[in-house]
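Below: the structure, in structure tokens.
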């Protein structure tokens with residue numbers, strides 16, 4: 082047995098190095114144009130596409146890694162971020178969509194909550210009948226997701242689309258019971274934090290918004306990345322009458338039960354490091370034993386604390402192991418070919434930089450000093466951090482801990498040979514025990530596949546699914562749980578061997594490689610085909626953008 086390794090969270094072998102694999106038999110026709118509507122504006126913050134959080138792990142169970150989440154940084158100024166502007170609105174949302182309390186039995190204050198959503202400003206929406214681009218919010222502040230989902234904003238003018246970003250219940254400002262403290266109080270108050278309720282929120286919000294805009298005939302295209310991508314795909318399957326299609330980016334919908342190997346996530350993290358440097362991979366693999374041995378030695382925890390420039394002396398070496406493992410996993414997720422600040426300020430190809438630091442230390446440098454030099458790229462690339470506080474987890478999302486303890490059970494293990502981590506096999510009994518201790522609930526590991534499917538995905542989606550794009554970058558460890566092959570002419574897999582976590586949704590930059598530009602264009606052509614098909618079936622033409630004045634949704 083070994084200690085929990087923290088980490089942030091798809092699988093088919095890559096083809097050629099620089100190549101984009103776009104499996105699509107359908108060559109769709111036209112492209113429309115679009116943009117968004119709105120009223121009082123507030124600029125965007127940064128986005129995440131999901132942070133699969135770890136349980137507050139006890140015992141020796143390996144908790145699921147996290148999806149990337151928002152950073153505690155200052156909000157942007159009134160001028161907005163990257164030119165994206167939106168109006169913040171609130172919708173009176175029902176707490177429980179799946180029960181019918183008797184008249185007079187319902188506590189009005191508890192039965193509803195204010196769900197935040199953002200509506201794009203700037204004009205350009207075609208108006209009633211024009212497309213709506215709807216982002217399914219993740220486990221975090223919706224403004225952060227909006228700021229980091231440039232594809233939605235940048236594609237909207239092309240299609241004359243209205244942009245809407247909806248916040249997920251129990252995250253950001255969308256708190257039931259009036260406050261986060263009350264919403265997160267206990268298992269009774271958290272009981273309504275489920276993917277099913279969140280998707281129903283989106284369906285109800287969209288239906289009401291379209292009615293208020295007299296836009297019942299407007300086609301909706303869903304977008305989402307990471308957990309949000311899972312929700313987008315599942316919503317398309319559950320509510321096909323609400324949306325004409327979904328772009329599900331880096332969505333690990335197969336990461337449940339035994340659909341994919343439980344080792345795949347950490348194997349892919351390890352592969353990313355081995356790809357850059359075998360000696361770097363081996364140094365990390367050897368470091369865990371050295372770290373544990375030193376931590377168990379005389380004044381070992383004090384020595385480790387000094388080596389890694391920690392603000393407080395360690396109480397257990399496992400805490401440091403968790404901190405290092407989190408960095409490696411997040412680095413694999415955001416191993417972008419361009420500089421980014423999505424999770425932390427990082428250079429282009431950050432794993433390459435980490436391995437360069439580990440490998441280039443002078444002869445005689447200890448293994449743990451090399452590890453520190455490497456991980457410093459992730460936690461302190463700007464060089465402005467004086468010491469590290471392991472209790473300040475910038476990616477922590479308490480709501481996801483609850484979700485992972487109830488329905489989002491993603492088994493995680495370390496393999497013996499392929500992985501750079503010590504061997505570990507997922508132990509459901511320990512996992513469940515931790516959840517009972519933390520929340521008083523027992524996980525339901527088979528519920529997600531019962532509710533949304535996952536087993537025999539090809540057969541099922543070929544018969545019953547349509548108009549879904551699954552994007553995965555093969556450097557992203559979550560790709561091991563993703564859909565990597567075309568399922569039908571309209572359920573399409575786009576795979577980028579050099580892509581990382583939902584890189585397709587990221588704002589475009591002049592430094593974007595050609596394969597990324599081509600990839601995004603492929604996605605938009607498919608979406609254009611969905612809209613052409615929709616308008617063609619209704620006997621209408623593609624909508625052209627118009628200036629919209631005084632339009633608003635309530």
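Residue numbers (this note's numbering): 82 to 635. Think of the CB as a built atom: it goes at the ideal place given N, C-alpha and C, for glycine as much as any other residue. Predicted model only: the values in this text are computed from it and were never measured.
Exercise for the section: Any chance you could list the alpha helix (DSSP H) runs of at least 4 consecutive residues sitting entirely within the stretch 196 to 275, in chain order? Expected result: If we require 4 residues or more, the alpha helix (DSSP H) runs fully inside the stretch 196 to 275 come out as 223 to 229, 231 to 236, 261 to 264 and 268 to 271.
Practice task
Count the other C-beta atoms from every protein chain shown that fall within 10 angstroms of the C-beta of residue 291, then say buried if there are 16 or more, exposed otherwise.
Solution key: buried
Practice task
May I ask you to list the residues that DSSP assigns as paired with residue 399?
Solution key: Bridge partners of residue 399: none, in fact.
Exercise for the section: Run the CB neighbour count on residue 515, radius 10 Å, all protein chains shown included, and call it buried at 16 or more, exposed below. Expected result: buried
Practice task
Take the Cβ of residue 173 as the centre, count every other Cβ of all protein chains shown within 10 Å, and call the residue buried at 16 or more, exposed below.
Solution key: exposed
Problem - Buried or exposed (CB count within 10 angstroms, at least 16 for buried), residue 330 - result: buried
Problem - 8 Å Cβ shell around residue 30 - same chain, five flanking residues per side excluded - result: Outside the displayed range of the chain (82 to 635) lies residue 30, so it cannot be described from this structure.
Problem - CA nearest to the CA of residue 399, picked from 369, 433 and 379 - result: 369
Practice task
On a CA-only basis, which of 343, 472, 510 and 251 is nearest residue 643? Give me that one, please.
Solution key: As displayed, the chain neither begins before 82 nor continues past 635, which places residue 643 out of reach and without an answer.
Exercise for the section: Give a yes or no on whether the C-beta atoms belonging to residue 307 and residue 559 are separated by under 8 Å. Expected result: yes
Problem - Buried or exposed (CB count within 10 angstroms, at least 16 for buried), residue 201 - result: buried
Exercise for the section: Would you list the one or two residues that DSSP bridges to residue 174? Expected result: 194
Handout entry: Strand pairing of residue 326, partner residues [DSSP]
Key = 302
Problem - When 239, 206, 550 and 226 are compared against residue 313, the one with the closest alpha-carbon - result: 550
Problem - Environment of residue 487 [buried if 16+ CB atoms lie within 10 Å] - result: buried
Exercise for the section: Give the single residue among 404, 347 and 483 whose Cα lies nearest to the Cα of residue 495. Expected result: 347
Handout entry: Where the alpha helix (DSSP H) containing residue 618 begins and where it ends
Key = Residue 618 -> alpha helix (DSSP H) spans 595 to 618.
Handout entry: Paired residues, beta bridge with residue 535 - DSSP
Key = 537
Practice task
Use the C-beta contact count for residue 523: other C-beta atoms within 10 angstroms, 16 or more gives buried, fewer gives exposed.
Solution key: exposed
Exercise for the section: Please look up how many angstroms separate the CB atoms of residue 242 and residue 213, rounded, as I've assumed it's under 8 Å. Expected result: 6 Å
Handout entry: Candidates 444, 411 and 423: closest to residue 435 by CA position
Key = Checked all of 444, 411 and 423; the closest Cα to residue 435 is 411.
Practice task
Could you spell out where the beta strand (DSSP E) holding residue 378 opens and where it closes?
Solution key: Note, residue 378: premise wrong, no beta strand (DSSP E); not H, not E.
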